[in-house]
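Numbering (this note's numbering), first residue to last: 5 to 529.
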């Protein structure tokens, strides 16, 4: 119950979000042939129909968010069940590790529909591990075969190939050898050779039949620079352990009154319920396990040159960090209780603070993304009312409301919005300050114009400047964002009327003076 309640507090707002973000605009209402070709170029081992399911109508968006929400919640429950079967981990310790796994502030990019494969992969992986943890299984038992198939399916998210290193450790703890010498350990692992060979088999299969091509050629290819990989790993581990504390501080300041009340209530409840950590003597083992798990979570991304920063969509590289982070936080709470010698109250209070900070980060993030979506809808309403925008083909945007964005907007997000409003793919829009960079991106990927919702774009110089400024409805106010979120579900017409007051749009022709000021080459196909 505790796991579900804390998880719902952290992620409940995501279920009310009906927005599109980032690469969502590429796939939204996209031609199915384009989606299938994108999946082929990515080298995806999952069928493209999985992506298509979520990009046709509001029901698809809602289903997607429910799947993301439910997948990681179920993964937390399964983690609890696996931990309960491991020797030396008591019920309360397992409960807090699972709860913190569910709420730790990582993987904020889960809000994007295109991210749904990541939580589904984690759920498949944890389901397989749970099947193995239930009891020792003969090689040909249905449960063991199912676990093998689930592991193979989960590897669609490549970082789980490295994270699979936890599986032999779990198997040894569940089915320990007579002695922990190398030969008995190896003999015991040979009982599970059919499982341990799975990552190698999957890697070989993907290198033969699912090689990324085209736009994704060389995608996720490990680098040869060992020094760079090690440096990236160390930097990544430092970032994923440091930045959540910075985010929590920011988020608690954002919700200061709520945070103060919640902190007081959390500490009071912790002191009253006295949730002890019964594995306090093993806190150093929990800490070591947590650090190893964080390294396993970061290593696959460092190997392909992707440092898991906390910027925008890079948090998808944090997908597996909550496993190790949860162990570390529980270990620190256990260590604190032993040092101060008021075990039940101190350890519970430390964990209550950790949970509160994590919940605040997620609530803050979901409100930011909801504000971003409301702005996108307001922009589309403004586009509909402008004949100048409708008649234009190459638009440059001067956005005076960039503080409403949760992330930096990419050119294909604008082309997606314009396609949604006008029903064709003939308009290109870019932020004026990023015009040159966007020109290079599109020119480089000319063959992928349909992918970017630019199939009918004919090129040429800019012909329109669009200026967006703030209207009388202030979307910076959290109270307005929450009010409009509810209105989105109850009265769409009223929402459109409200959003018409949020932005002021002015569109004018692109002049020779503008051209001299920009001094960039025209985008000509």
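Every residue gets a Cβ at the ideal spot worked out from N, C-alpha and C, and that includes glycine.
| Check | Outcome |
| --- | --- |
| How many whole angstroms separate the CB atoms of residue 329 and residue 159, which I take to be in contact at a CB cut-off of 8 Å? | About 23 Å; that fails the 8 Å criterion. |
| Looking at C-alpha atoms only, which residue of 369, 365 and 338 is the closest neighbour of residue 354? | 338 |
| Along the chain, where does the alpha helix (DSSP H) that runs through residue 472 open and close? | Unbroken run through residue 472 is the beta strand (DSSP E), 468-474; no alpha helix (DSSP H). |
| How should residue 249 be labelled, buried or exposed, when 16 other C-beta atoms within 10 angstroms of its C-beta is the threshold for buried? | exposed |
| Express the C-alpha separation of residue 431 and residue 307 in angstroms, rounding to a whole number. | 38 Å |
| Bridge partners of residue 389, per DSSP? | None; residue 389 has no bridge partner. |
| Using CA atoms only, rank isn't needed, just tell me which of 85, 190, 162 and 517 is closest to residue 466. | 517 |
| Just confirm the distance between the C-beta atoms of residue 418 and residue 434, as a whole number of angstroms; I'd bet it's less than 8 Å. | 7 Å |
| State the beta-bridge partners of residue 513 as determined by DSSP. | 468 |
| Closest to residue 383 by CA distance: which of 92, 152, 130 and 470 is it? | 470 |
| In the DSSP assignment, the alpha helix (DSSP H) including residue 37 goes from what residue to what residue? | 36-46 |
| List the endpoints of the continuous beta strand (DSSP E) containing residue 434. | 432-435 |
| Would you call the region 25-44 in contact with the region 387-395, where contact means no fewer than 3 C-beta pairs closer than 8 Å? | no |
| Is any heavy atom in the ligand ZN found nearer than 7 Å to the beta carbon of residue 171? | Because no ligand of any kind appears in the structure shown, any question about the ligand ZN cannot be addressed here. |
| Mind checking whether residue 236 and residue 309 have CB atoms under 8 Å apart? | yes |
| Here's the rule: buried if 16 or more other CB atoms are within 10 angstroms of the residue's CB, otherwise exposed. What is residue 510? | exposed |
| For residue 134, which residues from the same chain have a beta carbon less than 7 Å from its beta carbon, with the 5 sequence-adjacent residues on both sides left out? | 82, 85 and 86 |
| Rounded to whole angstroms, what is the Cα-Cα separation between residue 280 and residue 305? | Confidence is the limiting factor: at residue 280 the pLDDT is only 48, short of 50, which leaves the residue's position unreliable and the question unanswerable from this model. |
| As an exercise, report each continuous alpha helix (DSSP H) stretch of at least 4 residues that is fully enclosed by the region 98-159, in chain order. | 121-138 and 146-158 |
| Of the choices 192, 218, 75 and 180, whose alpha-carbon is the least far from that of residue 43? | 218 |
| Could you check the C-alpha separation between residue 381 and residue 488 for me, to the nearest Å? | 11 Å |
| From this set, 315, 288 and 362, which residue's C-alpha is nearest residue 340's C-alpha? | 288 |
| Which residue's Cα is closest to the Cα of residue 64: 302, 177 and 28? | 28 |
| Between 90, 132 and 139, which has its C-alpha nearest residue 152's C-alpha? | 132 |
| In three-state DSSP terms, what is residue 488? | helix |
| Closest to residue 302 by C-alpha separation, out of 315, 286, 326 and 316, would be which residue? | 326 |
| For residue 403, report the span of its alpha helix (DSSP H) as first-last. | Run containing residue 403: none in the alpha helix (DSSP H); it sits in the beta strand (DSSP E), 398-403. |
| If we ignore side chains and look at the alpha-carbon of each, how far apart do residue 73 and residue 100 end up? | 19 Å |
| Taking just the CA atoms, how far does residue 176 sit from residue 90? | 10 Å |
| Indicate the three-state DSSP secondary structure (helix, strand or coil) for residue 171 in the structure shown. | helix |
| Taking only the alpha-carbon atoms, compute the straight-line gap between residue 14 and residue 372 and give it to the nearest angstrom. | 14 Å |
| Do residue 291 and residue 243 have their C-beta atoms within less than 8 Å of each other? | no |
| So what's residue 508 in DSSP terms, helix, strand or just coil? | strand |
| With C-beta atoms as the reference, is residue 220 less than 8 Å away from residue 115? | no |
| In chain order, what residues of the same chain have a beta carbon less than 8 Å from the beta carbon of residue 436, not counting five sequence neighbours either side? | 400, 401, 402, 469 and 522 |
| Give the straight-line distance between the Cα atoms of residue 357 and residue 113, rounded to the nearest whole angstrom. | 24 Å |
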